[in-house]
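One structure below.
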Amino acid sequence: MHMMNSISSSSDMGDWKGRVFDSLSFPTLILKPDRTIIAANLKFFERTGMAEAQVIGKTCKQIFFENEDPEKFPCNGTNCTLHKCITQKNAQSIVLKEVHSNNDQTWEERVFSPILNDVGDVSYVIESLRDITKVKTLEKKYSDVRQLIDKVVQSSVSGILAADRKGEIILMNEAAENLFGYTVENANKVNIEDFYPPGIARKIMKSLRDENYGEKGKLPVTKLNILTKAQQEIPVEMTAAIIYEDGNETATAAIFNDLREKYAVQKKLEEAEIQLYQSEKLASLGRLAAGVAHEINNPLTSILLYGNLMQEKLEENHPLEENLKYMIEDAERCREIVKNLLAYSRQTRPSKDIFYLNDLVGESLRLIRDQKLFMNVKVVKELDPQQILVNADKNQLCQVVINLIINAFDAMESSGTLTLRTHRTPENGTAFLEVSDTGGGIPPENISKIFDPFFTTKEIGKGTGLGLSMAYGIMEENQGKISIEDTGPDGTTIRLELPEENVSNEFHFGSIG
Ligand SMILES: Nc1ncnc2c1ncn2[C@@H]1O[C@H](COP(=O)(O)OP(=O)(O)OP(=O)(O)O)[C@@H](O)[C@H]1O
Ligand SMILES: [Mg+2]
602 MHMMNSISSS SDMGDWKGRV FDSLSFPTLI LKPDRTIIAA NLKFFERTGM
652 AEAQVIGKTC KQIFFENEDP EKFPCNGTNC TLHKCITQKN AQSIVLKEVH
702 SNNDQTWEER VFSPILNDVG DVSYVIESLR DITKVKTLEK KYSDVRQLID
752 KVVQSSVSGI LAADRKGEII LMNEAAENLF GYTVENANKV NIEDFYPPGI
802 ARKIMKSLRD ENYGEKGKLP VTKLNILTKA QQEIPVEMTA AIIYEDGNET
852 ATAAIFNDLR EKYAVQKKLE EAEIQLYQSE KLASLGRLAA GVAHEINNPL
902 TSILLYGNLM QEKLEENHPL EENLKYMIED AERCREIVKN LLAYSRQTRP
952 SKDIFYLNDL VGESLRLIRD QKLFMNVKVV KELDPQQILV NADKNQLCQV
1002 VINLIINAFD AMESSGTLTL RTHRTPENGT AFLEVSDTGG GIPPENISKI
1052 FDPFFTTKEI GKGTGLGLSM AYGIMEENQG KISIEDTGPD GTTIRLELPE
1102 ENVSNEFHFG SIG
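Each residue of the sequence shown is one higher than the one before, counting from 602 in the working numbering.
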């Protein structure tokens, strides 16, 4: 037995105490109030590898911290745990961390327990050393896991919310804060019931407890509306669960995914599908119309040819003269319709020419037959002083510009200003022609539709809704673009864009021709 000069006498009783001391599973020291060690148990010698002479009669500081920087002593002055144990006459403990050369860490808890004499003074102190590395490692692992879970919860793009039995919010991640518009701080004043439209929270709890609805305590993915702080209803997909502890409900947790974006994409997709269906339908209609128009064109030409011949040969004041005149007039109307149909289905190919963009403006204005339109409208021309050359089908482009001008007049109804503007970007060689009006603008819901064939807001007989859709097709065929540059209550600007033809190209063109 290593215990020498023990506190026990050599009686049976003392021997018994000595054996207990030695069989303690923690390395243990017994110290006097003057801090000298009077005994150490077997476990102590085993653990430290020290010999009795190195321990007995020494102070705790000497054997543990002899070579340490005194500044770092955990037992300096009144801060010393042993000192506290002696002065306060109660058990004290301290946890010491040691980092080893291989970076391993160990933790030891030193527990100091006073042994009091009959008058209540400290006669000895028992210091036991407990290796708490395992506990500490587990604790750290647990706290690491907790931190990780916290991070996972916080960084989740899904809103995560937990409420206690009373419905008070106990957890809310950032996504939930953003979704509901509350912060964790102000959410604790709100009951979970206020996170849903009236009655919904109760329904959720009922379904959660219902064994026939998903597993008991669990709500399968459900679509519903939540209510934000600003009283806005937002569609979400949610799952929820009751958290049980020892069979009792302690909290509920729920995960929310905002469905607004998904629904918006879905709607866009549906719209695109409808649009595709419509344009396919219109394209086949266009082909049919073109086919019919083409077939009718030949017989129509001969009707007109023979009709005109007959008219020439008919004697004056012939009773059928008038009938024949009507027949020819109507055949001519048919020819106009056929021409328009062919133009719409773009059976006519562009025949390109190089010309000055500014000329297009003047020519288009001249070609507008109904000059009455100009009566109350001021026409402003803002033409680029530098001549801009383009290579396009001038007749087709005139059609486009006339269409835009008539649309502008229609938008201004009785009076306003029509501005025709040309300019270019020297960098990428693009030429622009803009038609602006001071009309009421295109309502936002119509913006995506105005280039659709047959889309018109004009009364029956006034517009066919083909103007802009033809313009779109013509611009495409001429390697150009048409777009709404600006629209609002103060007016609309439609912009035509064409690649600029540079002089060297013109020369090249000229040399071939
Ligand atoms: N400058 C504009 N200001 C306001 N709305 C416009 C303007 N230009 C076009 N729109 C709107 O776009 C619709 C489609 O125009 P588009 O030129 O294709 O057909 P339309 O003018 O109605 O008929 P059409 O040109 O075949 O006679 C118009 O009915 C109108 O609602
Ligand atoms: Mg039009």
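Note that beta-carbon positions come from the ideal geometry of N, C-alpha and C, so glycine has one too. These numbers come from a predicted model, not from an experiment.
So, for SER1015: in the same chain, excluding its five sequence neighbours on each side, which residues have a beta-carbon less than 8 Å away from its beta-carbon?
Closer than 8 Å at Cβ, skipping near neighbours: ASN977.
Quick one: using the 10 Å Cβ neighbour count with 16 as the cut-off for buried, is ILE638 buried or exposed?
With 16 or more other Cβ atoms from the protein chains shown falling within 10 Å of its own Cβ, ILE638 counts as buried.
For ligand 1, is there any heavy atom lying closer than 7 Å to the beta carbon of LEU968?
No; taking the cut-off as 7 Å, the Cβ of LEU968 has no heavy atom of ligand 1 nearer than that.
Rounded distance between the beta-carbons of VAL866 and ILE897, thought under 8 Å
In fact, because the Cβ distance is near 45 Å, the residues do not count as touching under 8 Å.
Below 8 Å on the Cβ atoms is my contact criterion, and I expect ALA554 with GLY760 to pass it. Report the Cβ-Cβ distance as a whole number of Å.
This structure does not reach residue 554, given that the chain is present from 602 up to 1114, and the question cannot be answered.
In angstroms with no decimal places, state the Cα-to-Cα distance between THR823 and PHE857.
Their backbone Cα atoms lie some 10 Å apart in a straight line.
Who are the Cβ neighbours of LEU780 in its own chain at under 8 Å, not counting the five residues just before and after it?
Counting only Cβ-Cβ distances below 8 Å, and skipping sequence neighbours, we find GLY760, ILE827, THR829, ILE835, VAL837, PHE857, ASP859.
Can you tell me whether DSSP reads LEU921 as helix, strand or coil?
Coil.
Cross-strand partners of SER1084 (DSSP beta bridge):
Under DSSP, SER1084 shares a beta bridge with ARG1096.
Can you find a CB in chain C that lies within less than 8 Å of the CB of ILE827?
The structure shown contains no chain C; it is built from a single protein chain.
Bounding residues of the alpha helix (DSSP H) (the contiguous stretch that carries GLU653)
First-last of the alpha helix (DSSP H) with GLU653: 653-656.
Is the closest heavy atom of ligand 2 to the C-beta of GLY1074 under 7 Å?
Not one heavy atom of ligand 2 is found less than 7 Å from the C-beta of GLY1074.
Where DSSP assigns a beta bridge to GLU838, which residues make up the other side?
LYS824, ASN858.
Segment limits, beta strand (DSSP E) that includes PRO715
Note, PRO715: beta strand (DSSP E), 706-717.
For GLU778, the three-state DSSP class (helix, strand or coil):
Helix.
When CYS999, GLU916, GLN832 are compared against TYR783, the one with the closest alpha-carbon:
When only C-alpha atoms are compared, the closest one is GLN832.
Ligand 2 heavy atoms versus the CB of ASN1004: any closer than 7 Å?
Correct: ASN1004 has its Cβ closer than 7 Å to ligand 2.
Go through its chain and collect everything with a Cβ distance to LEU958's Cβ below 7 Å, but skip five positions before and after it.
A distance below 7 Å between beta-carbons, with the five flanking residues on each side excluded, links LEU958 to the following residues of its chain, in chain order: ILE989, VAL991, THR1023, ALA1032, LEU1034.
TYR845 and GLY818: beta carbons closer than 8 Å?
Yes, these two residues count as a Cβ contact at 8 Å.
Name the DSSP bridge partner or partners of ASP623?
Paired residues: none, contrary to the question.
Return the CA-CA distance between TRP617 and ARG766, expressed in angstroms with no decimal places.
Straight-line Cα distance between these residues: approximately 55 Å.
Using a Cβ-Cβ cut-off of 7 Å (strictly less than) and excluding sequence neighbours within five positions of LYS1050, which residues of its own chain qualify?
PHE1056, listed in sequence order.
Can you give, in chain order, each stretch of the alpha helix (DSSP H) that sits fully within the stretch 1017-1083 and has at least 4 residues?
The stretch 1017-1083 contains these whole alpha helix (DSSP H) runs: 1045-1048, 1068-1078.
For LEU998 versus ASN1079, is the C-beta distance shorter than 8 Å?
The Cβ atoms of LEU998 and ASN1079 sit closer than 8 Å to each other.
Residues near ASP931 in its chain [Cβ-Cβ closer than 6 Å; skip 5 each side]:
Cβ neighbours of ASP931 beyond the five flanking positions: none.
Thinking just about the alpha-carbon of each residue, which of GLU769, ALA640, ASN1047, ASP623 is nearest to the one in ALA854?
That would be GLU769, whose Cα lies nearest to the Cα of ALA854.
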